[in-house]
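The structure under discussion appears below in the form of structure tokens.
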Amino acid sequence: MTKFVLFLGALSLLSRGDVTEKDGSVCLDSASGECSPAAQKKRNIADCRPDHDSLDTCEYETLCYDGEQYFIVASDREEDLEAATADYQPTDRPFSMQDKRSSVMAYRYHHNSNGKRPSTPLNYLDKYDFVSWEKMLEKGPIEWLPDGTKFLNTEQNPSPSHFITHLMMTWSDQLDRPEGSVYFLNTELKCMTSWKDMFLDVLLTRGKGLFTEAELEAWLAGMSERDPNLPTPARPALFRDHLWPTQDLPTEGKPFNHCNRHIWQYKESYTVCARNARTYAFRQHMIGGWRDHASLRESFGISERSWQERSESPRVLIVDRLDVARRHFRDPEGVRETLEQLPAYLNVSVQYIPGWPEDGREQVALMADTDVLVTPHGSGLTNAMFLSQNAAVVEIYNFGFIQDDLYRDMLERQGVYYRAMIGFYSEEREKELLEGDDDQRKCAEMGRREDYKRRKTDNPGHCFYPAWKLAPVEIDLEELKKTVSECIFALGNHL
């Protein structure tokens, strides 16, 4: 088991103030220092109860970040920390999501400290390091951020669907606990697209107790290690370039877009720390529940259509991929024309767009105005979070694609009616593969087999990458028509 998980258990021990036995077990709630019979039965080092939605928001007395690694300060109990780390043996606790279509592994580490119940997440943070304050001081200069700073480790990918994976958890937290002082976003200003800025602005409007521009400017001016020539933010959101000079990361002589990195990690000249700090866990269901979606759409000032409007004149939206090199509709006109042939009594209007509009608010408004969304897998289905709870989605996978239940779980939990469809293997696709390399020609032969099954991505002999992942989407149009019709009849009636 990784050191990361070992340290998680150690922190759980320390913060509860429990007694550690020689064998590494723990006596819970023992005021005398001895194990009571009741405590003997509960000698768990960590409470690892799985959660079907997310792993909790985390709160720490002191959280530090040096630009590369996060440090959780374990007060002055260094010896206890080392002993607990050496003895801790975690237990894997798998759980299955709804209807057991898929299974994930999760840990939830609870500990009690001064009446709080924080937890340490299994998330995109590459590594936590638990240290005493003495060791923290040995690592170099330290500057303090305001108490109550909320650390957000955003993904660098410019796609809104990737960004929302990280920001949505902060929105969920904001609904319940909006108090704080400032957000620290582990990215640079140049990596913020208009969509990301739009979301961040709405997020900040819901905060309570956040610093004003003048307060934050005064705080930053008091940092002796910070270059005074660096820009100061106009809102309570700090980026890396507000604290440290921009560094040109090594590219090994190749053009490199730093804003496309998974996580921005580069050790800086000094460390920042904050008391009563917060950070966020990775969601198993990446964009949470219906309450969060509805409140976010409301904050954007977008109202959904009434149930009566949906019933009397359903609107079907077909969204294709702008990137025609991967998973676009082979015959978009055929898809549109087929759905326009739905029975006249349904009074359906059909709209086709080749990709999402660039403006984020247009995307939100488009979803709030849609009743049935039809789209290939990977074409921005994250935007379905802005659909009405009474809407429906048809997600289409191209032939051979390894289907997962990510969006099914997300949307059905939200209340959206969901259907998935699998494309067929066409003569045109076979011809394209036969004109390719040796691997593609082998896949062309396999695709013709009636007993062919998609290979998992961990199988070195599979055809997923060379043949199916980026292939155009070709779907049985009559089956699509039947599926969309089913969705229309289900609007508002499936809850």
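For the sequence shown, the residue numbers in mature numbering (1 follows the signal peptide of the UniProt record, and there is no 0) are -17 to -1, 1 to 478.
Quick reminder that beta carbons are idealized off the backbone N, C-alpha and C, glycines included.
With a cutoff of 8 Å on beta-carbon distance, residue 154 and residue 186 are scored as near each other. Between the beta-carbon of residue 126 and that of residue 206 there is about 5 Å, and that keeps the pair under the 8 Å contact cut.
Counting of Cβ neighbours within 10 angstroms places residue 379 among the buried residues, the total reaching 16 or more.
For residue 208, the closest C-alpha among the options 226, 399, 359 is that of 226. Nearest C-alpha to residue 391 among 368, 277, 461: 368.
Assignment of residue 127 by DSSP, reduced to helix, strand and coil, places it in the strand class.
Taking 8 Å as the cut-off, the Cβ atoms of residue 150 and residue 224 do not count as close. When DSSP states are grouped into helix, strand and coil, residue 366 belongs to the helix group. The beta-carbon separation of residue 471 and residue 297, rounded to 5 Å, stays under the 8 Å limit for a contact. Contact between the segment 362 to 377 and the segment 398 to 406 is established, with three or more Cβ pairs separated by less than 8 Å.
For residue 220, the enclosing beta strand (DSSP E) begins and ends at 220 to 222. Closest in alpha carbon position to residue 393, among 451, 420, 274, is 274.
C-alpha of residue 419 to C-alpha of residue 338: approximately 28 Å in a straight line. In the three-state reduction of the DSSP assignment, residue 334 falls in the strand class. The beta carbons of residue 252 and residue 302 sit no closer together than 8 Å. Residue 354 is classed as buried because its beta carbon has at least 16 other beta carbons within 10 Å across all chains shown. In this structure, DSSP gives residue 256 an extended state, which the three-state scheme calls strand. Excluding five sequence positions before and after residue 474, the CB atoms of its chain that fall closer than 8 Å to its own CB belong to 293, 294, 297, 354, 355, 373, 374, 375, 400, given in chain order.
DSSP places residue 56 inside the beta strand (DSSP E), whose first and last residues are 53 to 56.
The beta carbon of residue 435 is closer than 6 Å to those of 429 in its chain, skipping five residues each way along the sequence. Looking from the CA of residue 157, the closest CA among 178, 133, 169, 137 belongs to 133. Going by DSSP, residue 359 is part of the beta strand (DSSP E) stretching over 355 to 359. Listed as beta-bridge partners of residue 181 by DSSP are no residues whatsoever. Here residue 323 has 333 as same chain residues with Cβ atoms under 7 Å from its own Cβ, once five neighbours each way along the sequence are excluded.
Residue 382 and residue 370 have their C-alpha atoms some 27 Å from each other. Separation of the CB atoms of residue 406 and residue 457 is rounded to 5 Å, and the pair is thereby assigned contact status at 8 Å.
Each residue's CA atom was taken as its position, placing residue 320 and residue 395 some 28 Å apart.
Membership of residue 199 in any beta strand (DSSP E) is not indicated; the residue belongs instead to the alpha helix (DSSP H) covering 196 to 204. About 6 Å separates the CB atoms of residue 48 and residue 255; that is less than 8 Å, so the two are in contact. An exposed status is given to residue 250, since fewer than 16 other beta-carbon atoms sit within 10 Å of its beta-carbon. Nearest to residue 304 by C-alpha distance, out of 328, 359, 318, 316, is 359. Between the C-alpha atoms of residue 196 and residue 114 there is a straight-line separation of about 33 Å. Residue 44 is a Cβ neighbour of residue 258, given a cutoff of 8 Å. Residue range 116 to 121 is occupied by the alpha helix (DSSP H) that includes residue 120.
Taking C-alpha positions only, residue 417 is separated from residue 449 by approximately 12 Å. Distance between residue 112 and residue 306, taken at the CA atoms: about 41 Å.
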